[in-house]
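S.K.: Got a structure here, written out as structure tokens. Questions coming.
Residue numbers (the numbering used here): 5 to 440.
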């Protein structure tokens with residue numbers, strides 16, 4: 005019987021992570037096995053020793069696949085990289101349940117739902133400046149209760165999709181109509197399906213992300229991310245990024261530049277941010293995972309939570325882990341899910357590094373990207389990557405979609421800012437219309 009690591013996936017999101025994890029599992033001598041739903045596409049299926057295709061990803065169907073796998077393999081870990089919904093349930097939660105039933109390392113099912121449903125997260129944390137609204141009347145009531153400015157956004161969204169800032173009733177009504185009109189056109193529709201959640205008391209809650217939306221108080225301050233590793237009992241937070249430049253568009257928030265260590269926050273502020281994140285993580289009961297936590301730090305109010313992402317951060321975050329923690333995050337994720345994590349907060353690098361992200365002017369077909377090679381010659385540039393190849397269809401009208409990303413070492417925040425400005429002059433994007 006061969007030892008295997010089982011991957012379960014039903015999303016086009018984060019397939020790079022799936023491939024990276026499967027490659028490393030194979031290098032360790034495990035047989036990677038994939039159970040894939042209908043939405044998995046353009047993937048290196050030859051990497052997996054066995055591939056099972058399922059239509060629904062419900063728990064019974066997944067158990068049947070596992071029974072078949074058990075005939076030839078010993079499953080040592082169950083991993084779902086993307087946390088998408090399918091047929092009213094969270095696939096990551098089903099994956100955690102399978103692992104739990106087998107006595108394997110697993111995630112907290114409650115925490116998975118709370119991190120993937122922004123309303124449940126805020127409810128669990130005992131916050132009050134938020135509400136779930138499904139009508140203009142509900143929106144007006146809660147907007148007055150919370151107080152403008154507010155943000156209207158999807159209940160289960162990613163990639164800054166439809167982040168609508170409202171300063172008054174007129175803005176809010178317009179935003180609600182925009183949300184109703186556009187949410188069904190989002191790139192990651194698997195996140196916006198109706199789903200249910202059963203809490204510790206057994207009460208079942210039902211949610212309809214295309215009909216009900218989250219409103220919350222607009223947060224002022226410096227935006228940061230905290231990158232965490234959480235084991236069964238310990239929380240490590242070795243990396244804090246400051247979002248050096250963000251642009252709040254009409255429907256999307258664009259994150260152009262991240263810097264670490266933070267350039268405008270002192271050590272006291274960073275300590276308070278880490279302390280706040282630790283309280284949040286313990287309240288949610290998260291375990292055995294990476295976390296990508298987003299906050300804003302107000303010098304009067306302190307750290308204020310935006311969201312907790314139950315995963316390794318996207319973009320160039322993996323480069324931060326390599327540089328500042330001295331680890332391969334995909335290897336560490338396997339360690340976590342095999343119960344072999346021995347992570348320590350060892351600092352590997354303290355000089356400033358920056359991430360640069362470049363967004364096309366609109367969604368559509370990638371015809372051409374010019375200037376990528378020239379970015380490599382900019383001072384301090386360490387890594388340049390085009391994220392979508394020629395001919396790809398990309399989002400970008402109502403959600404964040406970077407087409408080029410960079411990782412650089414810098415003398416200062418000013419150096420990073422000037423490099424970004426120089427790169428903007430070098431890069432050109434040719435994006436065509438999609439065929440109707």
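Glycine included, every Cβ here is placed at the ideal spot set by N, Cα and C.
Tell me whether residue 5 sits in a helix, a strand or coil according to DSSP, three-state version.
M.R.: Looking at residue 5 - three-state DSSP - the assignment turns out to be coil, as it is neither helix nor strand.
S.K.: Which whole-angstrom value is the C-beta distance of residue 375 and residue 432, which I expect to be below 8 Å?
M.R.: Residue 375 to residue 432, Cβ: 6 Å. Contact.
S.K.: Could you check how far apart the C-beta atoms of residue 187 and residue 166 are, in whole angstroms? I think they sit under 8 Å.
M.R.: Confirmed, Cβ separation roughly 6 Å.
S.K.: Helix, strand or coil: which one does DSSP assign to residue 344?
M.R.: Residue 344: coil per DSSP, three-state reduction.
S.K.: Using DSSP with H/G/I as helix, E/B as strand and the rest coil, what is residue 123?
M.R.: Here residue 123 sits in helix by DSSP.
S.K.: For residue 90, write down the residues that DSSP places opposite it in a beta bridge.
M.R.: Paired residues: 93.
S.K.: Among all the DSSP beta bridges, which residues are the ones paired with residue 31?
M.R.: Looking at the DSSP assignment, residue 31 forms no beta bridge with any residue, so it has no partner.
S.K.: Assign residue 364 to one of two classes, buried (16 or more other C-beta atoms within 10 Å of its C-beta) or exposed (fewer than that).
M.R.: Buried, by the Cβ-count rule.
S.K.: At what residues does the alpha helix (DSSP H) containing residue 366 begin and finish?
M.R.: That residue, residue 366, is in no alpha helix (DSSP H); it is neither H nor E in DSSP.
S.K.: Can you tell me whether residue 77 is helix, strand or coil according to DSSP?
M.R.: Residue 77 falls in the strand class under three-state DSSP.
S.K.: Once you ignore the five residues that flank residue 90 on each side, which residues in its own chain have a CB closer than 8 Å to its CB?
M.R.: Same-chain partners within the cutoff: 14, 41, 60, 61, 62, 194 and 197.
S.K.: Taking residue 357 and residue 417 to be in contact with their CB atoms under 8 Å, please state how far apart those CB atoms are, rounded to whole angstroms.
M.R.: At roughly 11 Å, the Cβ-Cβ gap does not stay under 8 Å, so residue 357 and residue 417 are not in contact.
S.K.: Enumerated in chain order, which unbroken segments of the beta strand (DSSP E) with a length of 3 residues or greater are wholly contained in the segment 268–317?
M.R.: If we require 3 residues or more, the beta strand (DSSP E) runs fully inside the segment 268–317 come out as 293–302 and 306–313.
S.K.: Which word fits residue 400, buried or exposed, when buried means at least 16 other C-beta atoms lie within 10 angstroms of its C-beta?
M.R.: By the 10 Å Cβ count, residue 400 comes out buried.
S.K.: Quick one: give me the first and last residue of the beta strand (DSSP E) that residue 387 is part of.
M.R.: Residues 385–390.
S.K.: Which class does residue 188 belong to by DSSP, given the choice of helix, strand or coil?
M.R.: Residue state, collapsed to three classes: helix.
S.K.: Measuring CA to CA, which of 255, 272, 229 and 303 is closest to residue 181?
M.R.: Out of 255, 272, 229 and 303, 255 has the C-alpha closest to the C-alpha of residue 181.
S.K.: Count the other C-beta atoms from every protein chain shown that fall within 10 angstroms of the C-beta of residue 134, then say buried if there are 16 or more, exposed otherwise.
M.R.: Flag for residue 134 reads buried.
S.K.: Thinking residue 210 and residue 138 are a contact (beta carbons under 8 Å), I'd like their distance in whole angstroms, please.
M.R.: 12 Å between Cβ atoms; not a contact.
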